[in-house]
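Notes follow the structure.
In our numbering, the protein residues as written are 233 to 573.
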């Protein structure tokens, strides 16, 4: 397949992580997390985010989100999120099926939701006929590739505290957000008031694996049962843990995310050379959203496949990965200019 800008899920496994998997493979160790690598990976998370957190490894992002939200809610609750949120658009009905909760969505133009919009959705509190808002869930980075500032996150947290709500963060691309903010993870998660975090690894060079991180550890009391019931307890846990251990060693997470973010900035510059291509969102991380003339899209996709995000607008989504090269980006820009002559 030609180099693509379809998704950071299309990329392979970073060599350092593949090496870690190979090192984890020989011999027998305890299963279901009773192994030295899981202990070491957990220790690294605690170094990053605080000794008093609880960390549980899961197989995939949907599992991490759904089970984290399950620990935060009861079936008569509701969850406020963006209308573009992954839990609303790209996880089928898994969040609603497993939590039993209603998703209350806020229309967004930049991927973000804002305090005044959230306040408007907090209605009919203590009314037995109405779903009771319990969680505010946001994505960092957002589905539009934008990044919440630390002040924006603290403002959402303030709304949550005011109304006795919980704050959930879908961090499938959290490393890209950290690089964009030039901040440590703790500064825009725990210190910004987040209660539960899905910490993504798959989109940043891992083969598989996500982590559910509890800053509010009261919510973690029964999570080992929730994870098992949700079919996310990996028997050979060391193969998830080994990857996180490698990702959080020698700043590999930062190197990978810095590269993919940097390639997105370069791609933005290439696209801006063509006036007929209109970038629709701020390029904060590793994604670009651009409106292209519909007639050129098939030919452009033949050389560098990507997805059309919005058919009506002819808006495409272009994602860069840890292994995107400058040559890939220049080739895309060259082909785009040829087609727009």
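Using N, Cα and C, we set each Cβ at its ideal position, and we do this for glycine too.
This structure is a prediction, so every number in the text was calculated from the model and none was measured.
(message) So if DSSP puts residue 432 in a beta bridge, which residue, or which two residues, is it bridged to?
(response) On the chain shown, residue 432 is found 200 positions in, with the first residue counted as 1. Answer by DSSP bridge pairing, in chain order: 442.
(request) For residue 427, count neighbouring C-beta atoms within 10 Å of its own C-beta (all shown protein chains included) and say buried if the count is 16 or more, exposed if not. (result) Residue 427 sits at position 195 when you count from the first residue of the chain shown. It counts as buried.
(message) Looking at the secondary structure, which residues open and close the alpha helix (DSSP H) in which residue 403 lies?
(response) The residue labelled residue 403 in the question sits at position 171 within the chain shown. Counting along the chain, residue 403 falls outside any alpha helix (DSSP H), though it belongs to the beta strand (DSSP E) covering 398 to 403.
(message) Taking the straight line between their C-alpha atoms, what separation do you get for residue 278 and residue 310?
(response) In the chain shown, the residue the question calls residue 278 occupies position 46. In the chain shown, the residue the question calls residue 310 occupies position 78. Cα to Cα, residue 278 sits roughly 30 angstroms from residue 310.
(request) Quick one: residues in its chain with C-beta nearer than 6 angstroms to the C-beta of residue 543, no 5 flanking neighbours on either side, listed in chain order? (result) Your numbering for residue 543 matches position 311 in the chain shown. Contacts found: none.
(message) DSSP three-state label for residue 566, please.
(response) Indexing the chain shown from 1 puts residue 566 at position 334. Three-state result, residue 566: helix.
(message) Let's see if you can read the secondary structure: which residues bound the alpha helix (DSSP H) around residue 297?
(response) As a first step, residue 297 must be located in the chain shown, where it is residue number 65. Unbroken alpha helix (DSSP H) run through residue 297: 293 to 304.
(request) Measure from the alpha carbon of residue 483 to the alpha carbon of each residue in 498, 407, 308, 531, then state which is nearest. (result) Taking the chain shown and counting its residues from 1, one reaches residue 483 at position 251. With distances taken between Cα atoms, residue 483 lies closest to 407.
(request) Starting from the Cα of residue 546, find the closest Cα among 521, 376, 564 and give me that residue. (result) Here residue 546 is taken as the residue at index 314 of the chain shown, counted from 1. When only C-alpha atoms are compared, the closest one is 521.
(request) Starting from the C-beta of residue 356, find all residues in its chain whose C-beta is less than 7 angstroms away, skip the five residues before and the five after it, and write them out in chain order. (result) On the chain shown, position 124 is the one that residue 356 refers to. So the qualifying residues of the chain are 362.
(request) Within its chain, find whatever has a CB closer than 8 angstroms to the CB of residue 236; leave out the 5 residues flanking it on each side and keep chain order. (result) To locate residue 236, count along the chain shown from 1; it is residue 4. Contacts found: 242, 536, 537, 538.
(request) Would you identify the three-state DSSP class for residue 561, choosing helix, strand or coil? (result) By one-based count along the chain shown, residue 561 stands at place 329. The answer is helix: DSSP assigns residue 561 an H, G or I state.
(request) Note down the Cα distance separating residue 513 from residue 249, rounded to an integer number of angstroms. (result) As a first step, residue 513 is located in the chain shown; it is residue number 281 there, counting from the start. As a first step, residue 249 is located in the chain shown; it is residue number 17 there, counting from the start. Cα to Cα, the separation comes out at about 32 angstroms.
(message) Considering just the uninterrupted stretch of the beta strand (DSSP E) at residue 601, what are its terminal residues?
(response) Because the chain is modelled from 233 through 573, residue 601 falls outside the range shown and cannot be assessed.
(message) Quick check on residue 519: does DSSP put it in helix, strand or coil?
(response) Sequence index remark: in the chain shown, residue 519 carries index 287 (1-based). It is a strand residue.
(request) Enumerate, from N- to C-terminal direction, the unbroken beta strand (DSSP E) stretches of 3 or more residues contained entirely within the stretch 238 to 295. (result) 286 to 290
(message) Output needed for residue 476: all residues of its chain with C-beta closer than 8 angstroms, excluding positions within five of it in sequence on either side, in chain order.
(response) Numbered from 1 along the chain shown, position 244 holds the residue referred to as residue 476. Same-chain partners within the cutoff: 273, 276, 277, 289, 433, 438, 441, 443.
(request) For the beta strand (DSSP E) holding residue 334, just list the boundary residues, first then last. (result) Within the chain shown, numbered from 1, the residue matching residue 334 stands at position 102. Counting along the chain, the beta strand (DSSP E) containing residue 334 begins and ends at 334 to 338.
(message) Short of 8 angstroms in beta carbon distance, which residues of its chain neighbour residue 328, apart from the five on each side in sequence? Order them along the chain.
(response) Counting from one through the chain shown, the residue named residue 328 turns up at place 96. The residues are 334, 335.
(request) Enumerate, from N- to C-terminal direction, the unbroken alpha helix (DSSP H) stretches of 4 or more residues contained entirely within the stretch 301 to 386. (result) 318 to 321, 326 to 331, 347 to 353
(message) Residues in the same chain with beta-carbon distance under 8 angstroms from residue 418, minus the five sequence neighbours each way, listed in chain order, please.
(response) Here residue 418 refers to the residue found at position 186 when the chain shown is read from its first residue. Closer than 8 angstroms at Cβ, skipping near neighbours: 280, 281, 282.
(request) Output the distance between the C-alpha atoms of residue 375 and residue 366, rounded to the nearest integer angstrom. (result) Within the chain shown, residue 375 is the residue found at index 143, counting from 1. Within the chain shown, residue 366 is the residue found at index 134, counting from 1. Rounded to whole angstroms, residue 375 to residue 366 spans 22 angstroms at the Cα level.
(message) Quick check on the burial criterion: 16 or more other C-beta atoms within 10 angstroms. Buried or exposed for residue 378?
(response) Sequence index remark: in the chain shown, residue 378 carries index 146 (1-based). Residue 378 comes out buried.
(message) Within 10 Å of its beta-carbon, does residue 260 have 16 or more other beta-carbons around it, so buried, or fewer, so exposed?
(response) Position 28 of the chain shown holds residue 260. The residue is exposed, with fewer than 16 neighbouring Cβ atoms inside 10 Å.
(request) Measure the alpha-carbon distance for residue 346 versus residue 549 and round it to whole angstroms. (result) Looking up residue 346 in the chain shown gives position 114. Looking up residue 549 in the chain shown gives position 317. Near 23 angstroms, if we compare the C-alpha coordinates of residue 549 and residue 346.
(message) Any beta carbon of chain C sitting closer than 8 angstroms to that of residue 339?
(response) The displayed structure is made up of one protein chain only, and chain C is not part of it.
(message) If you measure between the beta carbons of residue 298 and residue 326, is that distance less than 8 angstroms?
(response) Taking the chain shown and counting its residues from 1, one reaches residue 298 at position 66. Taking the chain shown and counting its residues from 1, one reaches residue 326 at position 94. Yes, these two residues count as a Cβ contact at 8 angstroms.
(request) Note down the Cα distance separating residue 559 from residue 480, rounded to an integer number of angstroms. (result) Position 327 of the chain shown, counted from the first residue, corresponds to residue 559. Position 248 of the chain shown, counted from the first residue, corresponds to residue 480. Approximately 28 angstroms between the Cα atoms of the pair.
(message) Since residue 420 and residue 429 should fall inside the 8 angstroms C-beta cutoff, what is the C-beta to C-beta distance between them, to a whole number of angstroms?
(response) Reading the chain shown from its first residue, position 188 is the one you call residue 420. Reading the chain shown from its first residue, position 197 is the one you call residue 429. That pair is no contact at about 10 angstroms.
(message) Going by DSSP in three states, residue 426 sits in which element: helix, strand or coil?
(response) As a working note, residue 426 is residue 194 in the chain shown. It is coil, neither helix nor strand.
(request) From the DSSP output, read off the bridge partner residues of residue 540. (result) Along the chain shown, read from residue 1 onward, the residue named residue 540 stands at position 308. Residue 540 is bridged to 548.
(request) Please say whether residue 343 and residue 389 have beta carbons closer to each other than 8 angstroms? (result) Within the chain shown, the letter at position 157 stands for residue 389. Within the chain shown, the letter at position 111 stands for residue 343. Cβ atoms of residue 389 and residue 343: not closer than 8 angstroms.
(message) With H, G and I counted as helix, E and B as strand and the rest as coil, what does DSSP make of residue 468?
(response) The residue labelled residue 468 in the question sits at position 236 within the chain shown. Correct three-state label for residue 468: coil.
(request) Check whether the Cβ atoms of residue 505 and residue 462 sit closer than 8 angstroms, and answer yes or no. (result) For the purposes of this step, residue 505 is identified with residue 273 of the chain shown, where counting begins at 1. For the purposes of this step, residue 462 is identified with residue 230 of the chain shown, where counting begins at 1. No. Outside cutoff.
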